[in-house]
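Colleague:
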Amino acid sequence: MWTLILRDWRLAARRRVEALLPLVFFIVAASLFPLGVGPEPQTLRTIAPGVVWVCALLASLLSLGSLYGPDFTDGSLEQMLLSGRSLPGLALAKAFAHWTVNGLPLVLASPVLGLLFDLPGEPLLTLVASLLLGTPVLSLLGGVGAALTLGLRSGGMLIVLLVLPLAVPVLIFGAGSVVAVSSGLSPEGHLSLLGALLLLTLLGAPWATAAALKIALD
Amino acid sequence: MSNLSWTTFAAPSKFEWLASALMPWLWALCLIMSAAGLYQGFIVAPTDFQQGQSYRIIFIHVPAAWMSMVLYMAMALWAAVGWAFKVRLASMLARAIAPTGAMFTFIALWTGAFWGKPTWGAWWVWDARLTSELILLFLYLGYMALTEAIDDPRRSDAAGALIALVGAINVPIIYFSVRWWNTLHQGASISMTAAPKMASTMLTAMLLMTVAFWAYAFAVVFTRTRAIVLERERETQWVQALVNGRNGRNARNGHKE
Amino acid sequence: MRAQALACRRGARLLFDQLDLSVQAGQLVWVRGPNGQGKTSLLRLLAGLSEPAEGQIERAARVVYLGHQHALKDDLSAQEALAFLVDLHGDQADEPKLVDALAHMGVKGKRHSPVRTLSQGQRRRVALARLLLTPPDTCWVLDEPFDALDDTGVATLNALLQAHRQAGGSVVLTSHQALTLPDRIELDLAAVASLARS
């Protein structure tokens, strides 16, 4: 599995600009909201969790086309299927590589956005924590969507339509955790639910992705 | 009919026979039940103390919402059966259910809005159940879009089964999370479950409408399945015979006049 | 490897039916037929990428499959791409062996160049280099391996195939170009398909 992860890291490093595009989208899109809503700090603090989370969701979704697409077109995916390695293991490795390249930067950039929205310390930390727990779930769910839509013309938008409903719980608990902290409540409930979602997805998504890959390559 | 078993109607030709035989009865049932239900709901059931006449929309809203949920589960079930046991008809049935399920979801959303306006003054309220219906609509649309986008029927059926199953597993999670979200933000003040206490006449009306919707769903889904079967199996002998038989009959009838 | 009563469907079309095929050690099978007849589909079935609509396949040895696409990532160097594929399949991939394999295929000088800068023929050679790094008792399933190769490349590949057969391996391949290898079994899919239809 590490061969695959290292390879994907190496490929991302050779295409640094493309690898950073989702991050740029994340920052740009989130920055648009104050322009649309007005700079009043109280408003911004209120909408910050939702805005940051939705932009993170969209940024993750946008990067899914490159998860399996290139491997599919150049035949690497076939070789991976034939290698005799566990297919869910492969899916997990791909999702991990995808998360480190696409999701983790979002987590690391979120404090900056939090400051732009004037989030105080504790909600800011909660935001980072929620993204840390939630972005892997998005990568895993995205893997299922990407595998199902391999080679289809309408791939990009179709992945979004397929994955968004499934990502709603992550969004709710992720953003909700920050809102809870802002209202003086403990974020523990939300964060533990997020953790539970992560575990559930870790157990289920690789299998679903493996099944989807077999369907797509049959 | 002597050798009837569970799998008899899994053959597309037998299904075609069954569906065409049942069709007039299904439509009749639907019409009678709808008439009875609407009469019961809109005329017989008493005016609600709090909500006046406008509450009557729930006689359409609630059965439609039930149907949307049940049909999704049915769709996922048949798609899974078709995938696991390689029964083509099951997959075709699942494909046929989807648009009807989506339609009921849409009706539930619209009627929810019509209820919301006079009751709470807004065309849309982010009530937990309505929001879940909205997400259910997206799940339906996703299934339909995916199956439409894949040309190869086998891959299309299998991929559809997978996404329907993933959706089905997620529905409780989504519903739970939306309810959590709803109570967090608005308190329990606005809820569709704050329906008027069910007088027995109201309950009767809802049940009648539910049966009517069931009959409608069966009729429409079976019709659609027949169309899919005929299209997919058009190369087989029994379909050719069916088409030629009809053409022969029409030609003969034409000549008579 | 042995295949019995294979049937393959592509969409609604039945490509072939009741196909029997047996490949023993040392044998080479050349699958022929016009475009669209199902040659690639057959090879994918034999490799295990798809499930046959009917029939079964027994495999006594490991199958090494080289598809029509060469599975080399554009942004990796030739050596890196080769190393990944070899490692993926669990074979030994230390540097001297990789360099030797690439040298044998005549692309040693390009081993540090990104794959996207290589010509089609050079890419094919890099993809074929993987065959040198697989154990001898394997069945090679190759889809259009001669594609884009020049005369030297063709000669190298021919020698490679012969050596593999002598070492106890077997080969199933497709090729639009005429093969010059001796002692080969030819399977004409067009004939099989017309048998199925009648």
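Quick mapping for you: the protein sequence lines, in order, are chains F, R and S.
If you want the numbering used here, it's the 1-based position in the first sequence plus 25.
If you want the numbering used here, it's the 1-based position in the second sequence plus 65.
If you want the numbering used here, it's the 1-based position in the third sequence plus 506.
In this text, a Cβ means the ideal position worked out from N, Cα and C, and glycines have one as well.
Fair warning: this is a prediction, and the values are worked out from it, not measured in the lab.
Listing by chain order, which chain F residues have their CB less than 7 Å from the CB of residue 523 (chain S)?
Modeller: As a working note, residue 523 (chain S) is residue 17 in the third sequence. Chain F residues near residue 523 (chain S): none, gap ~18 Å exceeds 7 Å.
Colleague: Using a Cβ-Cβ cut-off of 7 Å, state whether residue 190 (chain F) counts as contacting chain R.
Modeller: Taking the first sequence and counting its residues from 1, the one referred to as residue 190 (chain F) is at position 165. Closer than 7 Å to some Cβ of chain R, the Cβ of residue 190 (chain F) qualifies, so yes.
Colleague: Looking at the unbroken beta strand (DSSP E) that takes in residue 564 (chain S), where does it start and where does it end?
Modeller: As a first step, residue 564 (chain S) must be located in the third sequence, where it is residue number 58. Looking at the DSSP string, the run of the beta strand (DSSP E) that includes residue 564 (chain S) is 560-564.
Colleague: Please work out which residues of its chain come closer than 8 Å, Cβ to Cβ, to residue 143 (chain R), disregarding the five sequence neighbours upstream and downstream, and give them in chain order.
Modeller: Position 78 of the second sequence, counted from the first residue, corresponds to residue 143 (chain R). So the list reads 155, 156, 158, 159, 162, once near-sequence residues are dropped.
Colleague: Can you pull the chain S neighbours of residue 107 (chain F), defined as C-beta to C-beta under 7 Å?
Modeller: Your numbering for residue 107 (chain F) matches position 82 in the first sequence. Under the 7 Å cutoff, chain S gives 553, 554, 555, 571.
Colleague: Does DSSP classify residue 617 (chain S) as helix, strand or coil?
Modeller: Within the third sequence, the letter at position 111 stands for residue 617 (chain S). Residue state, collapsed to three classes: coil.
Colleague: Shorter than 7 Å from the beta carbon of residue 67 (chain F) to some beta carbon of chain S?
Modeller: Position 42 of the first sequence, counted from the first residue, corresponds to residue 67 (chain F). No - not a single Cβ of chain S is within 7 Å of the one on residue 67 (chain F).
Colleague: Mind listing the chain R neighbours of residue 169 (chain F)? Cutoff is C-beta to C-beta under 9 Å, in chain order.
Modeller: By one-based count along the first sequence, residue 169 (chain F) stands at place 144. Those are 227, 228, 231, listed as they occur along chain R.
Colleague: Residue 74 (chain R) and residue 83 (chain R): beta carbons closer than 7 Å?
Modeller: As a first step, residue 74 (chain R) is located in the second sequence; it is residue number 9 there, counting from the start. As a first step, residue 83 (chain R) is located in the second sequence; it is residue number 18 there, counting from the start. In this structure, residue 83 (chain R) lies closer than 7 Å to residue 74 (chain R) by Cβ.
Colleague: Is the region 172-185 of chain R close to the region 122-129 of chain R, with three or more CB pairs under 8 Å?
Modeller: Output reads yes: the region 122-129 of chain R touches the region 172-185 of chain R.
Colleague: Our contact map puts residue 588 (chain S) next to residue 649 (chain S) with C-beta atoms below 8 Å; I'd like the distance itself, whole angstroms only.
Modeller: What you label residue 588 (chain S) is simply residue 82 of the third sequence in a count that begins at 1. What you label residue 649 (chain S) is simply residue 143 of the third sequence in a count that begins at 1. Actually they do not touch by this definition, with Cβ atoms about 18 Å apart.
Colleague: Does DSSP put residue 527 (chain S) in a helix, a strand or coil?
Modeller: The residue labelled residue 527 (chain S) in the question sits at position 21 within the third sequence. In the structure shown, residue 527 (chain S) sits in a strand (DSSP, three-state: E or B).
Colleague: Less than 7 Å between CB atoms is the rule here; does residue 207 (chain F) satisfy it with respect to chain R?
Modeller: The sequence position of residue 207 (chain F) within the first sequence is 182, counting from 1. Chain R, which has no Cβ nearer than 7 Å to the Cβ of residue 207 (chain F), makes this no.
Colleague: What residues of chain F sit near residue 242 (chain R), judged by a beta carbon separation below 7 Å?
Modeller: Here residue 242 (chain R) refers to the residue found at position 177 of the second sequence. The answer, in chain order, is 193, 194, 197, 198.
Colleague: Take residue 558 (chain S) and list the residues in its own chain whose beta-carbon comes closer than 7 Å to its own, dropping the five residues that flank it on each side.
Modeller: Against the third sequence, residue 558 (chain S) aligns to sequence position 52. Excluding positions up to five away in sequence, the list reads 512, 513, 514, 551.
Colleague: Less than 7 Å between the beta carbons of residue 678 (chain S) and residue 569 (chain S), yes or no?
Modeller: The sequence position of residue 678 (chain S) within the third sequence is 172, counting from 1. The sequence position of residue 569 (chain S) within the third sequence is 63, counting from 1. No, Cβ-Cβ distance for residue 678 (chain S) and residue 569 (chain S) is not below 7 Å.
Colleague: List the residues that DSSP assigns as beta-bridge partners of residue 678 (chain S).
Modeller: As a working note, residue 678 (chain S) is residue 172 in the third sequence. DSSP lists S:535, S:647 as partners of residue 678 (chain S).
Colleague: If contacts are defined as beta-carbon pairs under 8 Å, then residue 617 (chain S) and residue 577 (chain S) qualify, I think. What distance do you get, rounded to the angstrom?
Modeller: Taking the first residue of the third sequence as position 1, residue 617 (chain S) is located at position 111. Taking the first residue of the third sequence as position 1, residue 577 (chain S) is located at position 71. Not a contact, Cβ separation roughly 17 Å.
Colleague: To the nearest angstrom, how far is the alpha carbon of residue 242 (chain F) from that of residue 676 (chain S)?
Modeller: In the first sequence, the residue the question calls residue 242 (chain F) occupies position 217. In the third sequence, the residue the question calls residue 676 (chain S) occupies position 170. Roughly 25 Å between the two C-alpha positions.
Colleague: Under 7 Å between the Cβ atoms of residue 92 (chain R) and residue 284 (chain R)?
Modeller: What you label residue 92 (chain R) is simply residue 27 of the second sequence in a count that begins at 1. What you label residue 284 (chain R) is simply residue 219 of the second sequence in a count that begins at 1. Result yes, Cβ atoms of residue 92 (chain R) and residue 284 (chain R) sit closer than 7 Å.
Colleague: With distances taken between CB atoms, is the gap from residue 244 (chain F) to residue 168 (chain F) smaller than 7 Å?
Modeller: Lying before the first or after the last residue shown, residue 244 (chain F) is absent from chain F, which here runs from 26 to 243.
Colleague: Between residue 166 (chain R) and residue 136 (chain R), is the Cβ-Cβ spacing less than 7 Å?
Modeller: Working through the second sequence from its first residue, we reach residue 166 (chain R) at position 101. Working through the second sequence from its first residue, we reach residue 136 (chain R) at position 71. Cβ distance < 7 Å, so residue 166 (chain R) and residue 136 (chain R) count as in contact.
Colleague: Alpha carbon to alpha carbon, how far is residue 531 (chain S) from residue 40 (chain F)? Give it in angstroms, no decimals.
Modeller: Indexing the first sequence from 1 puts residue 40 (chain F) at position 15. Indexing the third sequence from 1 puts residue 531 (chain S) at position 25. Their Cα atoms are separated by approximately 44 Å.
Colleague: Can you round the beta-carbon distance between residue 692 (chain S) and residue 538 (chain S) to whole angstroms, since I take them to be within the 8 Å contact cut?
Modeller: Indexing the third sequence from 1 puts residue 692 (chain S) at position 186. Indexing the third sequence from 1 puts residue 538 (chain S) at position 32. Their Cβ separation, rounded to whole angstroms, is 6 Å, which keeps residue 692 (chain S) and residue 538 (chain S) in contact under 8 Å.
Colleague: Should residue 231 (chain F) be labelled buried (16 or more other beta-carbon atoms within 10 Å of its own) or exposed?
Modeller: Here residue 231 (chain F) is taken as the residue at index 206 of the first sequence, counted from 1. By the 10 Å Cβ count, residue 231 (chain F) comes out buried.
Colleague: Reducing DSSP to helix, strand and coil, say where residue 213 (chain R) ends up.
Modeller: For this step, residue 213 (chain R) is matched to residue 148 along the second sequence. Looking at residue 213 (chain R) - three-state DSSP - the assignment turns out to be helix.
Colleague: Counting only the same chain and skipping the five closest in sequence on each side, list residues whose C-beta sits under 6 Å from that of residue 480 (chain S).
Modeller: Past the edges of chain S, shown from 507 to 704, lies residue 480 (chain S), and the structure says nothing about it.
Colleague: Can you tell me whether residue 623 (chain S) is buried or exposed? The criterion is at least 16 other CB atoms within 10 Å of its CB, across all chains shown.
Modeller: Taking the first residue of the third sequence as position 1, residue 623 (chain S) is located at position 117. The residue is exposed, with fewer than 16 neighbouring Cβ atoms inside 10 Å.
Colleague: Can you tell me which of the three DSSP states residue 593 (chain S) falls into?
Modeller: Taking the third sequence and counting its residues from 1, one reaches residue 593 (chain S) at position 87. Residue 593 (chain S) falls in the helix class under three-state DSSP.
Colleague: Residue 120 (chain F) touches chain R at which residues, Cβ-Cβ below 8 Å?
Modeller: Looking up residue 120 (chain F) in the first sequence gives position 95. Here the premise fails: no neighbours, minimum Cβ distance about 15 Å.
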